[in-house]
Ligand code: PXP
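In the working numbering, the protein residues as written are 17 to 277.
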């Protein structure tokens with residue numbers, strides 16, 4: 017299906033790694049999850065290699081680079097360590113995000129406008145290697161213009177404020193912003209401005225099966241990167257099968273292996 021019919025979907029598999037890291041096991045493997053996501057039609061695999069390695073590990077990025085059949089989008093903070101990894105791994109897209117250790121997830125966009133001098137040098141070094149760069153920003157004119165000035169190929173609009181805002185029924189007013197319609201408008205204007213500036217426009221963070229509907233209608237947004245809601249849903253829709261398989265394992269052990277004990 018081409019992007020005029022639907023935007024591209026990048027599936028973020030970080031939280032498969034979160035489950036793995038909780039036990040220090042080798043499963044579930046985010047690489048296996050990436051292959052399943054691709055088989056289901058994902059257009060891209062997205063992972064965030066965090067400074068503290070709380071979920072995705074360096075090995076995951078390496079193996080994903082070797083095995084992803086679609087596109088690999090590496091999200092990372094603009095640090096020297098990540099620059100080296102990105103240059104060695106050569107993902108199809110590098111998305112620069114803010115990274116603060118104490119945050120549970122990426123809470124806000126990169127302040128490109130404020131950090132323009134440092135980012136100019138950093139992005140310049142990445143682009144010299146032929147890398148494609150996306151900047152994860154809040155839907156604000158100053159951020160869009162600074163991103164274009166820096167020669168970014170793409171921007172990813174942070175949808176967190178939209179997702180946290182109350183919907184027209186007044187539900188889910190967790191964030192400071194109360195007006196979902198207003199937040200949607202900000203995203204629409206930013207997407208249009210991004211396109212005018214010649215940037216590829218992506219969006220993501222906090223999107224779920226309901227709140228994605230209105231944002232997906234914004235034609236200028238060509239790509240969505242979605243993780244938590246998909247992995248959360250997978251854990252529920254797959255649960256019945258997983259329980260049945262364990263019951264079969266218990267039955268098999270009891271009926272076939274009793275004599276061997
Ligand atoms: N895009 C970016 C830049 C992100 O940092 C994240 C979270 O890692 C996502 C998309 C996916 O967000 P979520 O897991 O809430 O769907």
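Here a beta-carbon is modelled for each residue, glycine too, at the ideal position from N, C-alpha and C.
Just confirm the distance between the C-beta atoms of residue 149 and residue 169, as a whole number of angstroms; I'd bet it's less than 8 angstroms.
Along the chain shown, read from residue 1 onward, the residue named residue 149 stands at position 133. Along the chain shown, read from residue 1 onward, the residue named residue 169 stands at position 153. Confirmed, Cβ separation roughly 6 angstroms.
What distance in whole Å lies between the Cβ atoms of residue 179 and residue 151, which are believed to be in contact at a cut-off of 8 angstroms?
Position 135 of the chain shown holds residue 151. Position 163 of the chain shown holds residue 179. The Cβ separation is near 20 angstroms, so there is no contact.
Any heavy atom of the ligand PXP closer than 6 angstroms to the Cβ of residue 220?
Taking the first residue of the chain shown as position 1, residue 220 is located at position 204. Yes - the ligand PXP has a heavy atom lying nearer than 6 angstroms to the Cβ of residue 220.
With respect to the alpha helix (DSSP H) encompassing residue 264, which residues constitute its N-terminal and C-terminal limits?
The residue labelled residue 264 in the question sits at position 248 within the chain shown. It spans 255–272 - the alpha helix (DSSP H) in which residue 264 sits, taken as one unbroken run.
DSSP beta-bridge partners for residue 25?
As a first step, residue 25 is located in the chain shown; it is residue number 9 there, counting from the start. According to DSSP, which records beta bridges pairwise, residue 25 is partnered with 240.
If the criterion is Cβ atoms closer than 7 angstroms, does the pair residue 53 and residue 27 meet it?
Indexing the chain shown from 1 puts residue 53 at position 37. Indexing the chain shown from 1 puts residue 27 at position 11. Against a cut-off of 7 angstroms, the Cβ pair of residue 27 and residue 53 comes out as a contact.
If you drop the 5 nearest sequence neighbours on each side, which residues of the same chain put their C-beta closer than 8 angstroms to that of residue 214?
For the purposes of this step, residue 214 is identified with residue 198 of the chain shown, where counting begins at 1. 164, listed in sequence order.
So what does residue 125 bridge to, in DSSP terms?
As a first step, residue 125 is located in the chain shown; it is residue number 109 there, counting from the start. For residue 125, which the question treats as bridged, DSSP gives no partner whatsoever.
Is residue 113 near the ligand PXP, judged by its Cβ being under 6 angstroms from some heavy atom?
In the chain shown, the residue the question calls residue 113 occupies position 97. Yes, the Cβ of residue 113 comes within 6 angstroms of a heavy atom of the ligand PXP.
State buried or exposed for residue 255, treating a residue as buried only when at least 16 other CB atoms are found within 10 Å of its CB.
To locate residue 255, count along the chain shown from 1; it is residue 239. Exposed.
Under three-state DSSP, which class holds residue 251?
As a first step, residue 251 is located in the chain shown; it is residue number 235 there, counting from the start. DSSP places residue 251 in helix when its eight states are reduced to three.
If you compare alpha carbons, which of 21, 34, 87 and 23 is closest to residue 244?
By one-based count along the chain shown, residue 244 stands at place 228. The candidate whose alpha carbon is nearest that of residue 244 is 34.
What residue from 238, 147 and 177 has the CA that sits closest to residue 217's CA?
For this step, residue 217 is matched to residue 201 along the chain shown. Minimum Cα distance to residue 217 is reached at 238.
Which residues in the same chain have their Cβ closer than 6 angstroms to the Cβ of residue 183, if we skip the five residues on either side of it in sequence?
Numbered from 1 along the chain shown, position 167 holds the residue referred to as residue 183. Excluding positions up to five away in sequence, the list reads 196.
Can we count residue 64 as close to the ligand PXP, meaning its CB is less than 6 angstroms from some heavy atom?
Position 48 of the chain shown, counted from the first residue, corresponds to residue 64. Within the cutoff, so yes.
What residue from 78, 229 and 42 has the CA that sits closest to residue 64's CA?
Sequence index remark: in the chain shown, residue 64 carries index 48 (1-based). Comparing alpha-carbon positions, the option among 78, 229 and 42 lying closest to residue 64 turns out to be 78.
Rounded C-beta distance between residue 59 and residue 25? I'm assuming under 8 angstroms.
As a first step, residue 59 must be located in the chain shown, where it is residue number 43. As a first step, residue 25 must be located in the chain shown, where it is residue number 9. That pair is a contact at about 5 angstroms.
Roughly how many whole angstroms lie between the Cα atoms of residue 2 and residue 249?
The chain is shown only over 17 to 277; residue 2 falls outside these bounds and no answer can be derived.
Of the residues 105, 61 and 95, which one's Cα is nearest the Cα of residue 74?
By 1-based counting over the chain shown, the position of residue 74 is 58. When only C-alpha atoms are compared, the closest one is 105.
Can you tell me whether residue 80 is buried or exposed, with buried defined as 16 or more other CB within 10 angstroms of its CB?
Residue mapping note: residue 80 aligns to position 64 of the chain shown, counting from 1. Per the 10 Å Cβ criterion, buried.
Check whether the Cβ of residue 238 lies closer than 6 angstroms to any heavy atom of the ligand PXP, and answer yes or no.
Position 222 of the chain shown, counting from 1, holds the residue named residue 238. Not so, every heavy atom of the ligand PXP lies at least 6 angstroms from the Cβ.
Distance check for residue 259 and residue 252, CA to CA, integer angstroms please.
Mapped onto the chain shown, residue 252 falls at position 236. Mapped onto the chain shown, residue 259 falls at position 243. Taking the straight line from one Cα to the other gives about 11 angstroms.
Can you list, in chain order, the residues of its chain with a C-beta nearer than 7 angstroms to that of residue 38? Leave out the 5 residues immediately preceding and following it.
Translated into positions along the chain shown, residue 38 becomes position 22. Closer than 7 angstroms at Cβ, skipping near neighbours: no residue.
Can you tell me where the alpha helix (DSSP H) with residue 80 in it begins and where it stops?
Position 64 of the chain shown holds residue 80. Element bounds for residue 80: 74–83.
Give every residue of the same chain whose Cβ lies closer than 8 angstroms to the Cβ of residue 115, excluding the five residues on either side of it in the sequence, and list them in chain order.
On the chain shown, position 99 is the one that residue 115 refers to. Cβ neighbours of residue 115 beyond the five flanking positions: 66, 67, 92, 93, 95 and 122.
By DSSP, does residue 112 sit in helix, in strand, or in coil?
Start at 1 with the first residue of the chain shown, and residue 112 comes out as number 96. Looking at residue 112 - three-state DSSP - the assignment turns out to be strand.
Going by DSSP, name the residue or residues bridged to residue 153.
The residue labelled residue 153 in the question sits at position 137 within the chain shown. Per DSSP, 173.
Have a look at 56, 171, 161 and 136 and flag the residue whose alpha-carbon is nearest the alpha-carbon of residue 85.
Sequence index remark: in the chain shown, residue 85 carries index 69 (1-based). Measuring from the Cα of residue 85, the nearest candidate turns out to be 56.
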